[in-house]
Structures are given as structure tokens and as C-alpha cells.
Amino acid sequence: MSAGQPRFTVGSAPHWRRNSSLFRMNHAFILALVPMAVLGAIVHAFGWRNVQLDGAFGPINPTLSTVVNEMGVDSGALWLLGIFGTLALGMGTAVIVEYVSQIIFRQPYQATNGHGLLMGLLVVLLSPPSIPWWVLIVGVTVAIVLGKQLFGGIGSFPMHPAMVGWLIVLLSWPHHLYPVGSASIGAPHPAVVGLTALGGIALCLTGYIRWQIPLGVLIGVALSFFAFSSSLSGDLLHQFATGHVVLAAFFIATDSTTSPANRLAAFLSGLLTGVMIMLIRAYGIWPDAVPFAILLVNLLSPHLDRIRPKMRLVVA
56 MSAGQPRFTV GSAPHWRRNS SLFRMNHAFI LALVPMAVLG AIVHAFGWRN VQLDGAFGPI
116 NPTLSTVVNE MGVDSGALWL LGIFGTLALG MGTAVIVEYV SQIIFRQPYQ ATNGHGLLMG
176 LLVVLLSPPS IPWWVLIVGV TVAIVLGKQL FGGIGSFPMH PAMVGWLIVL LSWPHHLYPV
236 GSASIGAPHP AVVGLTALGG IALCLTGYIR WQIPLGVLIG VALSFFAFSS SLSGDLLHQF
296 ATGHVVLAAF FIATDSTTSP ANRLAAFLSG LLTGVMIMLI RAYGIWPDAV PFAILLVNLL
356 SPHLDRIRPK MRLVVA
């Protein structure tokens, strides 16, 4: 081997030693999210809601919904179809934008590995079913182009792409993300949150995510609740059952690119995420603290990864 020739090549993250692939990992995430997405859509359409919205104001065009209602179709069924359409729009937009941006940036074609599909799904789940279609497209496009492909694609972006796209939409059109009486598709009821936890636990048991990060998030939320309880509403169970804490713990904070690789650093990353969520809930002005907490901890991940176990000297 010549002196100037590199001895090994290090690719981009994630640096995991396992028999799986990015394709299988991303699609495992999507499959774990499908049941809670379906249940969330059903909850919005048929029950468990404090504010019942008429089908004419759902995600389907008002003129079309009026015509369908005149035909005798239940407004709940109309809402359900509209929400499924919103999910399909977000995921389809992500795949198309990812493929086009890879062509424009002259990057390897990786739109089939499912990561863009997952990012689009997460943006939709964090949004209410009444979000206008064009706002959703903008959010997903920003997530893929600015949050992911501009940095070189999977393994290179410093912050979670879905959180970047969602945050841009929040700062630009907050009234579309937090309309009166509406909740996100991913967390309309504790039953949906519970199903999210089951999907996340399944990913932990199958080795697709490291348990240190979800455990750190949940412990961070629990400890912070007792520290900031005077500024919070509800009990500890209420903190877990509302918002996107569980979704963040299992499906967002565990992103293989933006989370640390070392086990101790991964646990500390989750712990800081849980603390930041509760800190923003207690003293912040935004209804949902998860995207802000995720992005702040993402900035610290490279520093946390410097916490490495000591090397052991083996004497022959």
C-alpha cells in the first residue's frame, strides 16, 4: 500500500453495525407509524373530539364535500377520506421532491430507501387534518430540500428534516397549525399515543432503534415534571398522554443521522430532549415544545458524541 493511499474509507452516518439496511429501517419506522396514523384519522373523523367539525370544512374541497353530503355520505366518512388523502399527499410530495432535488443537486438517487417518505409522514402527523394542502406541500418541500438534500442527503444533515419543515410552517402560518379546536393527526387522543408507544417498543425489540434514547426522553420528562410542576397543568400521565412526547421519544429523537452514536451520549441526548420539552412547556409560549426541543438537542449531538468510553489496552 502506497504512503499517500488511504487505508480505509468512512462513509456518512449512521455508523451502526447490524445486518439491516436503510431501506428496511425506514420502512420499519413507517409500518410502525401506520396503525397510529389510521387510528388518529378515525378519532378525528368519528369521535373522541371536544369540538366536532362539519365535513364541509375538512381537508376535502368544500364544494366537493357539499355535493357528497347531499348524496347522503356521512360527514365522518368524508373527513376520514380527506385525512387519508392528506397523509398520501404529504408522503407522495416528499418522494417526488426528494427525487427531483437529487437530480438538481446531482446526488445519488436514493428516493426509494423510504427516508423521504418517512419525513413526509412525520410532517403530516404533526399537523392538524385541516391544514391546507398548499401549506402541507410547502412544509414537506422545505423539510426535504432545505432540511435534508441541501446538506447532502441522509447521513449529512445536522437537524431533523421534518422538524425543520414543520418549524418553517409554524413561523409562517401558525394559524394553520393551531386552529381553534383542532389537534394533530398524530396525537388527538391518549389511545393514539398509546399505540404510538407500542410501535416504538416494537422497533426497540427488533433493534431498529436504540432504547437509550426513548428511555432518556421519558426519564427527562418525568424528572422535569417534578421540577417544574408548579408551572405545568395536569399530572405526569397527562404530560405523556398529550402532545407529541411519545412520538418524539421513539420516532423523532431516534433519527440515525441526528442522534449520537455512542450509548451514553444517546441516553444524554434523550434526557436533554425530555428536559427541554418540559422546560418549553412550562415557560414557553408555543403549544407544542417537541420540534424546538429536538432541534436544540440536534445542535448538541456532535458535542455529545465526543463522550466516548475509554479504550482498553489489551496486553498479549
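Residues 56 to 371 (the numbering used here) make up the sequence shown, in order.
Glycine included, each C-beta is placed from N, C-alpha and C at the ideal position.
| Asked | Found |
| --- | --- |
| Could you name the residues of the same chain whose beta carbon sits closer than 7 Å to that of residue 192, not counting the 5 residues immediately before and after it, in chain order? | 148 |
| Applying the criterion that 16 or more other CB atoms from any shown protein chain within 10 Å of the CB defines a buried residue, is residue 88 buried or exposed? | buried |
| Checking 7 Å against the spacing of the C-beta atoms, do residue 298 and residue 360 come in under that value? | no |
| Per DSSP, what kind of secondary structure is residue 91 in: helix, strand or coil? | helix |
| Just to check my reading of the structure: residue 346 and residue 305 have Cβ atoms closer than 8 Å, yes? What is that Cβ distance to the nearest angstrom? | Not confirmed; about 16 Å, so no contact. |
| Take residue 132 as the anchor and find which of 169, 160, 161, 98 has the nearest alpha-carbon. | 98 |
| Is there contact between the stretch 255 to 262 and the stretch 301 to 315, where contact requires at least three CB pairs shorter than 8 Å? | yes |
| Cutting at 8 Å between CB atoms, please list the residues of its own chain near residue 358, excluding the five before and the five after it. | none |
| Taking the alpha-carbon positions, what's the residue 324 to residue 302 distance? | 16 Å |
| What does a CB cutoff of less than 8 Å around residue 355 pick up in its chain, not counting 5 residues either side in sequence? | 324, 327 |
| Counting only runs that start and end within the stretch 241 to 328, where is the alpha helix (DSSP H) found for 4 or more residues in a row? | 245 to 260, 267 to 282, 291 to 296 |
| What residue range does the alpha helix (DSSP H) around residue 169 cover? | First-last for residue 169: undefined, no H or E at that position. |
| Rounding to the nearest angstrom, what Cα-Cα distance links residue 189 and residue 219 in this structure? | 17 Å |
| Over what stretch of residues does the alpha helix (DSSP H) that includes residue 356 continue unbroken? | 345 to 359 |
| Nearest-angstrom Cα distance between residue 134 and residue 318? | 43 Å |
| Would a C-beta distance cut-off of 7 Å place residue 215 and residue 141 closer than the cut-off? | no |
| Exposed or buried, residue 315, counting other C-beta atoms within 10 Å across all chains shown (16 or more means buried)? | buried |
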